[in-house]
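I have placed the structure first, in the form of structure tokens, so that the comments after it can refer back to it.
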Amino acid sequence: MGIEIKELGIAGDFQLDEAILLGALYQRATGEHGKLMLEGEEKSLRAMSGVVPSFVPEPYVVGQSTGTAPETYFLLMEFLELSTDLPEPATFCERLADLHRNSVSPTGKFGFDVITYQGPHEQNTEWTDNWCLFYTRLLTQYFETEIGNNGPSEEYEETFATLKKHVIPKILEPLQAGGRELKPCLLHGDLWEGNCSTNLTTGEPVTFDAASFYGHNELDLAMWRRDISRFSKSYFRQYLRCMPPSEPKEQWDDRNRLYAITYEIAHSNAWPASFLDQREM
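Take 1 as the starting number for the sequence shown in this note's numbering and just add one per residue.
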């Protein structure tokens, strides 16, 4: 049986490999951390495939390999032949909007039933009915991880404290104020260009390496705002044709700018050498 193994350069105290086995994609990871990562990805893909089946590879099973030291776990999923280019904007954004529009939180709240991971770093997905509180908690977790990885900075920490106390509530509390309701939508959670492609067999857009939870749909677009992103403004336009901005609409750009901070910090966590540039964002 032909097996091709590709080591993935992901930081952390675990190993994550991919292999192609008889038409299925096999990922493996070591240790409890790696196990939780694979379980989070499997749950994410399964939830997404239940809403838009063509938008992700079908997950098959998470299991434990026998006779290995350290303990090794695996995730087996559908193998797809993928393009190396970004998916076409109109269809991609239509499928993403379908995911957001048609998904239903099982609790009616923001969160997820397992921990998911942004790269090697866990996300607190505990259920809450207040989006501002959920997002503040998530961003604080990213920030504290970044400080732990890259060291303290008085100016950076003071700026974040101001953001947390004043800016986040001002921008996000109106989403659920004055009788407004904000639907918890199933998010992919890590929509950078390396996780988006086109299925060469079907021509359908595909995403993978999901870090899902139920949240504000606009958060899934925030990665596209980053300076290094290859997503053009046409992706924003196409998505907003399918899913108009939440009310208050006049705060759309402020929310997108705020949400983009999430992924600047996440980038600094994953690539510590870039942390000085990311902290200036």
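Ideal placement from N, C-alpha and C gives every residue a C-beta, glycine not left out. Just so you know, these numbers come straight off a predicted model, no measurement behind them.
Item	Value
Is it buried or exposed for D227, if we count other Cβ within 10 angstroms and need 16 for buried?	exposed
Give the DSSP bridge partners of M77, in chain order.	L25 and P59
Nearest CA to the CA of T202: which residue from P57, E144 and E126?	P57
Taking the continuous beta strand (DSSP E) assigned at Q118, which residues delimit it?	T116 to Q118
Span of the alpha helix (DSSP H) holding Q238?	K233 to C242
So, at 7 Å on beta carbons, what are the nonlocal neighbours of C93 in its own chain, with the 5 sequence-adjacent residues on each side left out?	Y235, Q238, Y239 and C242
Give me, in chain order, the residues of the same chain whose beta-carbon lies closer than 7 Å to that of A222; leave out the 5 immediate sequence neighbours on both sides.	N256, Y259, A260, T262 and Y263
Tell me the residue span of the alpha helix (DSSP H) that contains S44.	G31 to S49
If you draw a straight line from the alpha carbon of N130 to that of P152, how long is it in whole angstroms?	30 Å
What are the residues that DSSP puts in a beta bridge with C185?	G215
By DSSP, does V167 sit in helix, in strand, or in coil?	helix
Given this structure, state the Cα-to-Cα distance separating V51 from L163, to the nearest angstrom.	35 Å
How about the region 175-188 and the region 102-121: do they share at least three Cβ pairs that are nearer than 8 Å?	yes
Pair every Cβ in the region 248-255 with every Cβ in the region 111-128, then say whether three or more of these pairs are closer than 8 Å.	no
Going by the beta-carbon positions, is the gap between D85 and T159 smaller than 8 Å?	no
In chain order, what residues of the same chain lie with their CB nearer than 6 Å to the CB of A161, ignoring the 5 residues before and after it?	none
Between G119 and G178, what straight-line distance do the alpha-carbon atoms span, to the nearest angstrom?	37 Å
For the alpha helix (DSSP H) containing E122, name the first residue and the last one.	No alpha helix (DSSP H) holds E122; the beta strand (DSSP E) holding it covers H121 to Q123.
Between N195 and the rest of its own chain, which residues show a CB-CB distance below 7 Å, the 5 nearest in sequence each way excluded?	T207, F208 and D209
Can you list, in chain order, the residues of its chain with a C-beta nearer than 8 Å to that of G336? Leave out the 5 residues immediately preceding and following it.	As shown, the chain starts at 1 and ends at 281. That puts residue 336 outside it, with no answer to give.
Going by the CB atoms, is the gap between T128 and T116 shorter than 8 Å?	no
N269: buried (16+ other C-beta within 10 angstroms of its C-beta) or exposed?	buried
In or out: E7 buried (at least 16 other Cβ within 10 Å) or exposed?	Note that E7 has pLDDT 37, beneath the 50 cutoff, so the model's placement of it is unreliable and the number below is only indicative. Exposed, since its Cβ has fewer than 16 Cβ neighbours within 10 Å.
Does N102 pass the burial test, meaning 16 or more other C-beta atoms within 10 Å, or should it be called exposed?	exposed
My guess is that P248 and P174 are in contact by the Cβ rule of under 8 Å, so how many angstroms apart are they, rounded?	5 Å
For the alpha helix (DSSP H) that contains T202, what are its first and last residues?	Taken as a continuous stretch (DSSP letters only), T202 belongs to no alpha helix (DSSP H), as it is neither H nor E.
Roughly how far, in whole angstroms, is the beta-carbon of T30 from the beta-carbon of P87, given that I think they are within contact range, below 8 Å?	Contact flag wrong, Cβ pair sits at about 32 Å.
Quick check on DSSP: helix, strand or coil for L82?	strand
Distance check for E155 and S212, CA to CA, integer angstroms please.	32 Å
Report the three-state DSSP secondary structure of G111 (helix, strand or coil).	strand
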